[in-house]
Each structure stands twice: as structure tokens, then as C-alpha cells.
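full-length UniProt numbering numbers the first residue of the sequence shown as 1 and each following residue consecutively.
Note that CB positions come from ideal geometry on N, CA and C, so glycine has one too.
Note that the structure is a prediction, hence the values are computed from the model and not measured.
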Amino acid sequence: MLNPNLDEIQLTKDDYERYSRHLILPEVGVEGQKRLKAASVLCIGTGGLGSPLLLYLAAAGIGRIGIVDFDVVDTSNLQRQVIHGTSWVGKPKIESAKNRILEINPYCQVDLYETRLSSENALDIVRPYDVVVDGTDNFPTRYLVNDACVLLDKPNVYGSIFRFEGQATVFNYEGGPNYRDLYPEPPPPGMVPSCAEGGVLGILPGIIGVIQATETVKIIMRQGNTLSGRLLLYNALEMKFRELKLRPNPVRPVIEKLIDYEQFCGIPQAQAEEAKQQMELPEMTVQELKQLLDSGADNFVLLDVRNPNEYEISKIPGSVLVPLSDIENGDGVNKVRELVNGHRLIVHCKSGMRSAKALGILKQAGIDGTNVKGGILAWSKEVDPSVPTY
């Protein structure tokens, strides 16, 4: 509770020992620790941001923590999602997180919601908690979390990360701005690459997640100046922080109910267009590609449109790299034309999506080709397991 009856909250002998370094801080003291014990926080996601956030909230003495996630731990998560361990690979993230939280603080009540947050369940899940912390990585869920917090008048502690940069702020707190003041409209689908496509420095979410935890604790204790009205930007390569001012938009639409956020962000339309484009493109399986390579035929060009650093990780023998970004800006189209020179063009990427996009651009330039279904992931899974995946 943000305004608990502190006379009803008692600290135990173990509490006094456990939180002694808090208790001797005048800004925290017994009153602040009681506020933390009485508080409830909902964390959306147990990934890169949720991991440090949950660890430090549990250690700080938050009495009740809710976790929303429906994913399982993957080996690729361990580079940054520090709440999980190798022994939990393949198991639910929320169970892994709960196990670690209770090792840190066995007195914390941990509520688990192994489900995708949706317009149907968001209000019921968010309602019991004092503060909501957004650790998600996609626009539909961020708008959903924001709107649910606005409708229920909950502070929304926001963070995001990409490559070497992160940002954090506090939305919907004491009349401050909300997420729609920062992003009135979602970007077109695919314009902002995910961390799975663009990568992320493993340490970065630790920094942003801890900032989110700090803001959460300050809100609960009612101490200090929060990031409400300020967007904190962090560049890890330059080791620089800077701030942008945020203000409520006086003409923003009134949020009256939760909507279809996938539709709002254009996801179904983009998926339908991608499916249509793929249906119009010739495709081949990785097994068919393997047969062609084994045949010794030399009347084709195998084009890889991933990024150079991806190409260094793994490649299909005989492939030639021309990144999608080069094809998109036009420089790569002429290079592909020179490579093809009357030969059959076969294009692949990581999963088949970027190669389909590249083929669409090349087709407009008069260059036809065939897409490798499933890309190098399918090649590693079905043809050559020695090829690393990422």
C-alpha cells in the first residue's frame, strides 16, 4: 500500500537484522522499511529488465511481488537475464524467478501469473498492486500496460533497452505524463528491431533494471525526486546519461477502455502482408538446398542477407553475404545483379523473414529468386546441428 497504516505493520527481529543498512538511513528508517513491507509490486516480464529488478526489490523487502510471464528459460537468455540459471533452461521463467526471490527473501509473497498479459486479463492482474513495473520488449504490451495503469491510477515504472542504449522513466504518477505522451502512435511494425535481431549488451539491462527498482522503492517510500516528467537516456559505450523533459499532452485521447493492441500497432496487417508476400515467392526447404549443394551444381548463387556479425557466427557453405540493409538502401541491388549474372538466385537469412523482404525488393528491381524456408535456424536443426544458433 502506498499509504499504509504503519501502526499495523510490524517489523520482526529478522527484519531488523536483514534491513539494518536501510534502517540506519534517515531517509528510510523504520517507517520506510514498513512501507516497503506493506507494498505490492507487479513486474511484467522476467527477462533482461525484470531479472535485476526482481532481485533488488526482493532484497529491499517488498512484501508482495507479482510476476507476469509465459516464457521458458532459454540458453540465450543467460547472457543478461541474471535471475535465471543453467539448471532452469527449458523451465518456466516465473518458477525460476520465484525460486531465486525466495532464496534472497523467504518472507516475500510471490504471486505468479503464467499467462500472456492481454486486454481481457490486464485489469484483474494489475488491480491488486500498488506499483507496476514494465519490463516488456514490444509495443503492444507497453501500450496495454500503460492504459491499464491509467485506468486504475497506478504508477508505471518504465524501462527499455536496445544494443548499447537504454531509457527509463516513471509514467502516470501524480499527474505526470504517461506512455502515450512519449509515443502517441506506435511505429510501423518491423521499423524498430527487437533485441533478438539487433542484439543487446548483457550488462545494459542490469543498469536500467536497477534504475527501475530504485524508482519503485522511492515511490513506495515517498522519498526523493522520481523520473516522472523526465526520460533518462543512457549510452553504455559513451558512459553518458542525459535527460529529456516529458510533459502530459493536453490534447491526448482519453483512455476509456482497453483495446486490441496488436491491431492498434498494426501487427495483424503486417503479418498478413508478409504472409502474402511469402506466398507469392518461390520457396525451397533446407533439405532441397542440401541436395542442390551436394549435387555439385554451379548454376546458382546462394545469398545470405544477414548482418556481417551474424555471418561470422554461422554460415551455410558456399553462401555469399550481402546484408539486407545494403539491399534496402540500393547499394546491394547492383551487387546482387552482378553476382547472379544469369544464374539462379537462392536467398536465406536467420529464419526466412529478412530474406523474403530482400526478395521483395529485388523483385521490384527485376531480379527473381527463391527463399530458403526457415533460414539458417532450420539448416542447423534439420541438416547440420554443428552450425551454431543464436
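Beta carbon of residue i, beta carbon of residue j: below 8 Å?
i: residue 392; j: V347; result: Since the displayed the chain opens at 1 and closes at 390, residue 392 lies outside it and no answer follows.
i: L231; j: T141; result: no
i: R64; j: S87; result: no
i: G342; j: I161; result: no
i: K333; j: L359; result: Looking at the sequence itself, residue 333 is Val, so the reference to Lys does not match. Going by C-beta atoms, V333 is not nearer than 8 Å to L359.
i: E310; j: K357; result: no
i: C265; j: P323; result: no
i: A58; j: N105; result: yes
i: I208; j: G166; result: yes
i: L246; j: L144; result: no
i: F70; j: E114; result: yes
i: Q212; j: V126; result: no
i: M221; j: R100; result: no
i: L292; j: P308; result: no
For residue i, I'd like the list of residues in its chain whose CB is within less than 8 Å of its CB, leaving aside the five on either flank, ordered along the chain.
i: K98; result: I67, V110 and L112
i: R337; result: A365 and I367
i: G224; result: E27 and K218
Return the Cβ separation of residue i and residue j in integer angstroms, given the expectation that the two are a contact with Cβ distance under 8 Å.
i: L55; j: Q33; result: About 18 Å; that fails the 8 Å criterion.
i: V133; j: L53; result: 6 Å
i: V73; j: S96; result: 6 Å
i: V387; j: L339; result: Between L339 and V387 the Cβ distance is about 23 Å, and since that is not below 8 Å, they are no contact.
i: S319; j: L345; result: Wrong, their Cβ atoms sit about 12 Å apart, outside the cutoff.
i: V82; j: G199; result: 17 Å between Cβ atoms; not a contact.
i: G135; j: G45; result: 4 Å
i: T370; j: P282; result: 4 Å
i: P184; j: R252; result: 7 Å
Could you name the residues of the same chain whose beta carbon sits closer than 7 Å to that of residue i, not counting the 5 residues immediately before and after it, in chain order?
i: L227; result: A168, T169, V170 and E215
i: S355; result: V305, V347, H348, C349, N371, V372 and G375
Looking only at DSSP bridge pairs, what is residue i linked to?
i: S160; result: Q167
i: V372; result: M284
i: H22; result: None, per the DSSP bridge assignment.
i: G66; result: L42 and D111
i: K245; result: R230
i: N299; result: None; N299 has no bridge partner.
i: H348; result: D304
i: N235; result: E165 and K240
i: L321; result: D304
Leaving out five residues on either side along the sequence, give the residues of the same chain with a beta carbon under 6 Å from the beta carbon of residue i.
i: F164; result: L201, A236 and L237
message: Counting beta carbon pairs with one atom in the segment 224-239 and one in the segment 77-90, are three or more of them shorter than 8 Å?
response: no
task: Say whether the segment 177-185 touches the segment 149-160, bearing in mind that this needs 3 or more beta-carbon pairs closer than 8 Å, one atom from each stretch.
output: yes
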